[in-house]
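Have a look at the structure below, then the notes.
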Amino acid sequence: MWLIMSEQAVLNGPAITLMEMLAARDQRVARQKELLKTYPQTSLISVTLRIPGPVKTGTQIHGVFKQLLADLLTQFKTTLVFHEAQQLATGDLAFLVVKQPPRQLKQQLLRYEQQHRFCLLCDFDVVYLAAGQLQQVSRRELGIAPRHCLVCGGDAKVCSRTRKHGIKAVQQAVATIVQGGFS
């Protein structure tokens, strides 16, 4: 019972549809291109949250995301060119434009992920323009293992694709991480 109450306390934003998620992704990609064209010779960190289910937000999630963003701004203060954050029904989102090579930046973010438990819920995409096209630095490209499942620690993509865990189990894991704050 406590876990159900806990999930509701954490995931208390509006429910969204698949169409809204797809539209948000398209808007995010368009904004990424716009920022990289506005700030040439830079890399872009696109920060989103990986929260399953129809509810992607909540008051506690917003608060912890703000703490994460403040810490990222401090981490990148010497190379930061521009940043913006958005609080959307489809999830919190931040863009940080930095003067740093994309592969080096991704490696730095992978180390950063290991320092903060809340980063288990974060996707730090590093994108850049090459010949006018968006390119993304992948974990695999750097020889890094895939993301771990929030429930069992296995390959997150495999667990998600096979629906190995019910949505409640994953939401419980999300609630536990969010309630731990930015640590």
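Residue numbers (the working numbering): 1286 to 1468.
Every residue gets a Cβ at the ideal spot worked out from N, C-alpha and C, and that includes glycine.
Nothing here was measured: the structure is a model prediction, and the numbers come from that model.
* To do: Give me whichever residues DSSP pairs with residue 1407 in a beta bridge.
  => Stepping through the sequence shown from its first residue, residue 1407 is reached at position 122. Partner(s): 1334.
* C-alpha gap between residue 1305 and residue 1369, whole angstroms -> Residue mapping note: residue 1305 aligns to position 20 of the sequence shown, counting from 1. Residue mapping note: residue 1369 aligns to position 84 of the sequence shown, counting from 1. So the alpha carbons of these two residues sit roughly 21 Å apart.
* **Own chain partners of residue 1343 with C-beta closer than 7 Å, once the 5 adjacent residues on each side are dropped** => For the purposes of this step, residue 1343 is identified with residue 58 of the sequence shown, where counting begins at 1. Contacts found: 1295, 1296, 1297 and 1298.
* Give a yes or no on whether the C-beta atoms belonging to residue 1409 and residue 1332 are separated by under 8 Å. => Here residue 1409 is taken as the residue at index 124 of the sequence shown, counted from 1. Here residue 1332 is taken as the residue at index 47 of the sequence shown, counted from 1. It is a contact, given that the beta carbons lie within the stated cut-off.
* Asked: Between which two residues does the beta strand (DSSP E) containing residue 1420 stretch?
  -> Looking up residue 1420 in the sequence shown gives position 135. Per DSSP, residue 1420 belongs to the beta strand (DSSP E) from 1418-1422.
* Taking 8 Å as the cut-off, decide whether the C-beta atoms of residue 1412 and residue 1394 are in contact. => Position 127 of the sequence shown, counting from 1, holds the residue named residue 1412. Position 109 of the sequence shown, counting from 1, holds the residue named residue 1394. Result no, Cβ atoms of residue 1412 and residue 1394 do not sit closer than 8 Å.
* Helix, strand or coil: how does DSSP classify residue 1347 here? -> As a position in the sequence shown, residue 1347 is number 62, starting the count at 1. Looking at residue 1347 - three-state DSSP - the assignment turns out to be helix.
* **Same chain only: Cβ atoms within 7 Å of residue 1302, ignoring 5 sequence neighbours per side** => The residue labelled residue 1302 in the question sits at position 17 within the sequence shown. Result list for residue 1302: empty, nothing under 7 Å.
* Asked: DSSP on residue 1385, reduced to helix/strand/coil?
  -> Walking along the sequence shown from the start, residue 1385 turns up at place 100. Coil at residue 1385, not helix or strand.
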